[in-house]
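Trainee: My structure is below; once you've seen it, I'll send some questions.
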Amino acid sequence: MKHLRRRLKTPGNTDGFTLVELMIVVGIIGILSAIAIPLYANMQRQARIATVQADLRTLAGQVTLFMVHCGDVPQNDRTWTAAVAVPSGPVPCTTAVPRSVRWVAVEVTDASGAPAGPFMQQLPIPPAGWTYEYTPGATQGAFTLVGTSPTDLPSSSITYP
């Protein structure tokens, strides 16, 4: 025991870790990273899916407000994967309704001249690898919003409403 205490107190002690100890530490770090990296990738995927759900839910609400004010939803299909340019306004509802969903980002006036909007500042920008699609329905006021991604959701999509 005295020998051990004296050895630890000796100045200039140059003993280090053995190769086996270093290999064990590297192995443990490798195992931990093999567990953590897939978990992190899955968390990123879930975050992108949650972003898409929130974007489409918000856009569905704003299209509904547009419909309440103008009497119908925008009538042209629209697909986008990046930022969409916002038209200039204000415009009458009769001009905005026959156009695409990007017109929810413009101030519109109804038949009596009452202004409303813009209902959104811009259309939501999809996460990387995602595509958003707006399709008006066959009946007045009906529409569908779809978010698709071949990597995050290869066999399905997110649809509202």
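One gets this note's numbering by counting positions in the sequence shown from 1 and adding 26 to each. A virtual CB, placed ideally from N, CA and C, is assigned to each residue, including glycine. These numbers were taken from a predicted model, which means no experiment stands behind them.
Mind reading off the beta-carbon distance from T185 to G155? Whole number of angstroms is fine, and I expect it under 8 Å.
Mentor: Along the sequence shown, read from residue 1 onward, the residue named residue 185 stands at position 159. Along the sequence shown, read from residue 1 onward, the residue named residue 155 stands at position 129. Rounded to the nearest angstrom, the Cβ distance from T185 to G155 is 18 Å, too far for a contact under 8 Å.
Trainee: In three-state DSSP terms, what is P64?
Mentor: Mapped onto the sequence shown, residue 64 falls at position 38. If DSSP states are grouped into helix, strand and coil, P64 belongs with the helices.
Trainee: Which first and last residues belong to the alpha helix (DSSP H) in which T165 is found?
Mentor: Translated into positions along the sequence shown, residue 165 becomes position 139. Looking at the DSSP string, T165 is not in any alpha helix (DSSP H), and its letter there is neither H nor E.
Trainee: Report the option in Q72, I57, M69, D81 whose CA atom is closest to the CA atom of Q148.
Mentor: The sequence position of residue 148 within the sequence shown is 122, counting from 1. With distances taken between Cα atoms, Q148 lies closest to D81.
Trainee: With a CB to CB cut of under 8 Å and the five nearest residues on each side skipped, what residues in its chain are close to T157?
Mentor: The residue given as residue 157 occupies position 131 in the sequence shown. The residues are T105, W106, T107, G173, T174, S175.
Trainee: Mind checking V94: buried by the 16 CB within 10 Å criterion, or exposed?
Mentor: The count along the sequence shown starts at 1 and reaches residue 94 at position 68. With fewer than 16 Cβ atoms within 10 Å of its Cβ, V94 is classed as exposed.
Trainee: Judging by CA-CA distance, which residue of P187, P152, T90 is the nearest neighbour of G143?
Mentor: Here the question's residue 143 lines up with position 117 in the sequence shown. With distances taken between CA atoms, G143 lies nearest to T90 out of P187, P152, T90.
Trainee: Please classify S181: is it buried, with 16 or more other beta-carbons within 10 angstroms of its beta-carbon, or exposed?
Mentor: Mapped onto the sequence shown, residue 181 falls at position 155. Exposed is the call here.
Trainee: Please check the pair F145 and Q101, which I expect to be a contact at CB under 8 Å, by giving their CB distance rounded to whole angstroms.
Mentor: For this step, residue 145 is matched to residue 119 along the sequence shown. For this step, residue 101 is matched to residue 75 along the sequence shown. Going by Cβ atoms, the distance from F145 to Q101 rounds to 16 Å, so no, they are not a contact pair.
Trainee: Taking just the CA atoms, how far does V112 sit from A140?
Mentor: For this step, residue 140 is matched to residue 114 along the sequence shown. For this step, residue 112 is matched to residue 86 along the sequence shown. Going from the Cα of A140 to the Cα of V112 covers about 21 Å.
Trainee: Using a Cβ-Cβ cutoff of less than 7 Å, which residues in the same chain neighbour V99 once the five nearest sequence positions on both sides are dropped?
Mentor: For the purposes of this step, residue 99 is taken as the residue at position 73 of the sequence shown. Here the set comprises V89, F92, M93, P162, G167, F169.
Trainee: With distances taken between CB atoms, is the gap from P153 to T84 smaller than 8 Å?
Mentor: Start at 1 with the first residue of the sequence shown, and residue 153 comes out as number 127. Start at 1 with the first residue of the sequence shown, and residue 84 comes out as number 58. For P153 and T84, no; Cβs fall outside 8 Å.
Trainee: Consult DSSP for G143 and reduce its assignment to one of helix, strand or coil.
Mentor: Numbered from 1 along the sequence shown, position 117 holds the residue referred to as residue 143. Assigned with DSSP and collapsed to three states, G143 falls in coil, not helix or strand.
Trainee: Name the two residues that bound the continuous alpha helix (DSSP H) containing T121.
Mentor: In the sequence shown, counting from the first residue as 1, residue 121 sits at position 95. Run containing T121: 119-122, per the alpha helix (DSSP H) assignment.
Trainee: Take A60 and list the residues in its own chain whose beta-carbon comes closer than 7 Å to its own, dropping the five residues that flank it on each side.
Mentor: As a position in the sequence shown, residue 60 is number 34, starting the count at 1. Taken in chain order, the list of residues that qualify is empty.
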